[in-house]
Amino acid sequence: MHPMRAPFPFTAIVGQEEMKLALQLTAIDPTIGGVLVFGDRGTGKSTTVRALAALLPKMQAVIGCPYNCPPEQPFDQCPVCTGGHDGGHLKPGEVPVPVVDLPLGATEDRVVGALDLERALTQGEKAFEPGLLARAHRGFLYIDEVNLLEDHIVDLLLDVAASGENVVEREGLSIRHPARFVLIGSGNPEEGELRPQLLDRFGLAVDVTTPDDLKTRVEVVRRRDAYERHGADFVARFHDSDDVLRSRILEARERLDAVTVADAVLERASQLCLALGTDGLRGELTLLRAARALAAFTGDAGVEDRHLKAVAPPALRHRLRRNPLDDAGAGVRVERAVAELFGA
Numbered sequence: 001m002h003p004m005r006a007p008f009p010f011t012a013i014v015g016q017e018e019m020k021l022a023l024q025l026t027a028i029d030p031t032i033g034g035v036l037v038f039g040d041r042g043t044g045k046s047t048t049v050r051a052l053a054a055l056l057p058k059m060q061a062v063i064g065c066p067y068n069c070p071p072e073q074p075f076d077q078c079p080v081c082t083g084g085h086d087g088g089h090l091k092p093g094e095v096p097v098p099v100v101d102l103p104l105g106a107t108e109d110r111v112v113g114a115l116d117l118e119r120a121l122t123q124g125e126k127a128f129e130p131g132l133l134a135r136a137h138r139g140f141l142y143i144d145e146v147n148l149l150e151d152h153i154v155d156l157l158l159d160v161a162a163s164g165e166n167v168v169e170r171e172g173l174s175i176r177h178p179a180r181f182v183l184i185g186s187g188n189p190e191e192g193e194l195r196p197q198l199l200d201r202f203g204l205a206v207d208v209t210t211p212d213d214l215k216t217r218v219e220v221v222r223r224r225d226a227y228e229r230h231g232a233d234f235v236a237r238f239h240d241s242d243d244v245l246r247s248r249i250l251e252a253r254e255r256l257d258a259v260t261v262a263d264a265v266l267e268r269a270s271q272l273c274l275a276l277g278t279d280g281l282r283g284e285l286t287l288l289r290a291a292r293a294l295a296a297f298t299g300d301a302g303v304e305d306r307h308l309k310a311v312a313p314p315a316l317r318h319r320l321r322r323n324p325l326d327d328a329g330a331g332v333r334v335e336r337a338v339a340e341l342f343g344a
């Protein structure tokens with residue numbers, strides 16, 4: 001049996017700069033609201049998500065807890081943590097940030113959790129068996145081919161993403177547990193549209209394409225081949241650069257609250273959203289949060305125009321209404337509005 005291979009190093013990924021930046025910003029500030037990655041098959045979407053999760057520092061949690069409870073604030077209905085408090089056996093420790101896959105065919109019970117049938121039959125007890133949403137708490141919930149997800153699962157995710165908790169009422173059980181996670185979705189737009197309600201829930205949306213220059217394509221293939229054939233050696237080559245990036249993300253998290261946002265910057269964010277005709281105020285909020293995370297990442301004391309310009313396309317392109325009089329793509333329309341407001 002082969003040992004499990006370490007994930008592909010994040011700093012070894014060639015190109016796809018917008019996708020990498022979007023994922024890093026949500027790692028700095030999860031309130032940005034997740035990332036939607038749309039593009040061709042075989043462009044490294046899932047590889048990049050797993051690489052980011054491996055890059056992140058481990059988090060403090062109760063060992064063996066199905067909800068990844070933080071030791072200082074366990075969930076009050078958690079059987080592991082509440083039992084441990086009574087008996088004094090809570091074991092805090094460091095665990096990897098969870099990345100939970102939500103498969104397309106997953107049943108509602110598997111997603112939200114259900115009655116533990118084995119315990120019900122053998123011990124006659126009604127106990128809750130946590131689902132994928134519990135496992136994803138404080139981490140990432142990753143949905144590949146998110147545009148093919150069944151409608152009732154989409155509705156569930158919308159409710160949980162909005163409230164930050166999962167409510168289960170069935171078979172005489174009534175459970176309410178925290179479920180705060182960064183939602184990462186990927187898909188191929190040729191295979192189906194995404195429901196507008198779910199589309200709006202993603203903070204950032206990025207388009208990835210197959211590289212069209214020879215040098216980049218050759219380097220992508222070379223690195224992937226080296227990883228497949230000499231996994232440990234290849235991962236070791238990028239250990240230091242991954243470490244540097246990990247430190248930058250941690251430092252950015254620590255300085256995030258100190259980053260200032262002047263009223264003039266807020267006004268420009270709103271002007272941009274007005275010019276594009278985005279619905280609601282989620283666009284402005286996402287633009288603000290992403291720009292602040294970028295300023296923290298680049299070590300700047302306050303948000304400036306250049307931060308807004310950099311994050312405007314991923315923060316706004318998926319929030320535009322279709323314009324029958326303008327056949328330009330959403331990304332082009334955002335870039336055009338940015339150029340008009342900020343200058344070329």
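Under this note's numbering, the first residue of the sequence shown carries the number 1, and numbering increases by one thereafter. Cβ coordinates follow ideal geometry from the N, Cα and C atoms, glycine included.
Output the boundary residues of the beta strand (DSSP E) element that contains residue 165.
For the purposes of this step, residue 165 is taken as residue 165 along the sequence shown, with counting starting at 1. For residue 165, the enclosing beta strand (DSSP E) covers residues 165 to 170.
Skipping 5 residues on each side, what residues in its chain have a beta carbon closer than 7 Å to that of residue 345?
Nothing can be reported for residue 345, as the shown portion of the chain is limited to 1 through 344.
Are the stretch 185 to 202 and the stretch 266 to 274 touching by the rule of at least three beta carbon pairs closer than 8 Å?
With the cut-off at 8 Å, the stretch 185 to 202 and the stretch 266 to 274 do not touch.
Those residues which DSSP pairs with residue 277 across a bridge:
Locating residue 277 in the sequence shown gives position 277, where the first residue counts as 1. Beta-bridge pairing links residue 277 to no other residue.
Residue range of the unbroken beta strand (DSSP E) whose run includes residue 173
The count along the sequence shown starts at 1 and reaches residue 173 at position 173. Counting along the chain, the unbroken beta strand (DSSP E) around residue 173 starts and ends at 173 to 178.
Taking the CB atoms as reference points, tell me whether residue 36 and residue 202 lie closer together than 7 Å.
By 1-based counting over the sequence shown, the position of residue 36 is 36. By 1-based counting over the sequence shown, the position of residue 202 is 202. Yes, they are a contact pair.
Near residue 145, which residues of its chain fall below 8 Å by C-beta distance, leaving aside the five closest residues on each side in sequence?
Within the sequence shown, numbered from 1, the residue matching residue 145 stands at position 145. Contacts found: 104, 186, 187, 188 and 191.
Delimiting residues of the beta strand (DSSP E) encompassing residue 351:
The requested residue 351 does not occur in the structure, where the chain is confined to residues 1 to 344.
By the three-class DSSP mapping on this structure, what secondary structure does residue 335 have?
As a first step, residue 335 must be located in the sequence shown, where it is residue number 335. Of the three classes helix, strand and coil, the one that applies to residue 335 here is helix, per DSSP.
Between the Cα of residue 53 and the Cα atoms of 92, 7 and 222, which residue gives the shortest distance?
On the sequence shown, position 53 is the one that residue 53 refers to. Closest by alpha carbon: 7.
Per DSSP, what kind of secondary structure is residue 181 in: helix, strand or coil?
The count along the sequence shown starts at 1 and reaches residue 181 at position 181. Coil, per DSSP.
Under the three-state reduction of DSSP, which class applies to residue 151: helix, strand or coil?
Position 151 of the sequence shown, counting from 1, holds the residue named residue 151. Residue 151: helix per DSSP, three-state reduction.
Environment of residue 274 [buried if 16+ CB atoms lie within 10 Å]
On the sequence shown, position 274 is the one that residue 274 refers to. Exposed, because fewer than 16 other Cβ atoms sit within 10 Å of the Cβ of residue 274.
What does residue 205 pair with, by DSSP beta-bridge criteria?
For the purposes of this step, residue 205 is taken as residue 205 along the sequence shown, with counting starting at 1. BP columns for residue 205 point to 36.
DSSP three-state label for residue 305, please.
Stepping through the sequence shown from its first residue, residue 305 is reached at position 305. Residue 305 falls in the helix class under three-state DSSP.
Could you name the residues of the same chain whose beta carbon sits closer than 6 Å to that of residue 130, not counting the 5 residues immediately before and after it, in chain order?
On the sequence shown, position 130 is the one that residue 130 refers to. Excluding residues within five positions, the ones whose Cβ falls inside 6 Å are 66 and 113.
Who are the Cβ neighbours of residue 43 in its own chain at under 8 Å, not counting the five residues just before and after it?
Here the question's residue 43 lines up with position 43 in the sequence shown. Cβ neighbours of residue 43 beyond the five flanking positions: 16, 208, 209 and 210.
Under the three-state DSSP convention, the category residue 364 falls into:
One cannot answer for residue 364 here, as it falls past the ends of the chain, which runs 1 to 344.
Between 198, 277, 259 and 340, which lies nearest to residue 321 when the distance is taken from Cα to Cα?
By 1-based counting over the sequence shown, the position of residue 321 is 321. Here the closest residue by C-alpha is 277.
Helix, strand or coil for residue 114? Go by DSSP, reduced to three states.
By one-based count along the sequence shown, residue 114 stands at place 114. Of the three classes helix, strand and coil, the one that applies to residue 114 here is strand, per DSSP.
Evaluate residue 41 with the Cβ neighbour count: other Cβ atoms within 10 Å of its Cβ, from every protein chain shown; 16 or more gives buried, anything less gives exposed.
For the purposes of this step, residue 41 is identified with residue 41 of the sequence shown, where counting begins at 1. Result: exposed.
Taking the beta carbon of residue 85 as the centre, do at least 16 other beta carbons fall within 10 Å, making it buried, or is it exposed?
Taking the sequence shown and counting its residues from 1, the one referred to as residue 85 is at position 85. Reliability fails at residue 85, whose pLDDT of 45 lies under 50, so the model's placement of it is uncertain and no value is given.
Do you know how far the Cα of residue 94 is from the Cα of residue 257?
Position 257 of the sequence shown, counted from the first residue, corresponds to residue 257. Position 94 of the sequence shown, counted from the first residue, corresponds to residue 94. Take the alpha-carbon of residue 257 and the one of residue 94: they are about 25 Å apart.
For a test of the three-state rule: what should DSSP assign to residue 260, helix, strand or coil?
The residue given as residue 260 occupies position 260 in the sequence shown. Residue 260: strand per DSSP, three-state reduction.
Around the Cβ of residue 148, are there at least 16 other Cβ atoms within 10 angstroms (buried) or fewer (exposed)?
Position 148 of the sequence shown, counted from the start, is the residue given in the question as residue 148. So residue 148 counts as exposed.
Buried versus exposed call for residue 87 [16 or more other C-beta atoms within 10 Å across all chains shown]
The residue you call residue 87 lines up with position 87 of the sequence shown. For residue 87, the predicted structure reports a pLDDT of 43, less than 50, and the residue's modelled location is therefore unreliable. A value from the coordinates is still provided. It is exposed - the Cβ of residue 87 has fewer than 16 other Cβ atoms within 10 Å.
In its own chain, which residues sit with a C-beta less than 7 Å from the C-beta of residue 245, not counting the 5 before and 5 after it?
Your numbering for residue 245 matches position 245 in the sequence shown. Excluding sequence neighbours, residue 245 sits near 10, 11 and 55.
List the endpoints of the continuous alpha helix (DSSP H) containing residue 234.
Here residue 234 corresponds to residue number 234 of the sequence shown, with the count starting at 1. Taken as a continuous stretch (DSSP letters only), the alpha helix (DSSP H) holding residue 234 covers 231 to 237.
Among 340, 338, 45 and 316, the one whose alpha carbon lies nearest that of residue 200:
Translated into the one-based positions of the sequence shown, residue 200 becomes position 200. When each option's Cα is compared against that of residue 200, the closest is 316.
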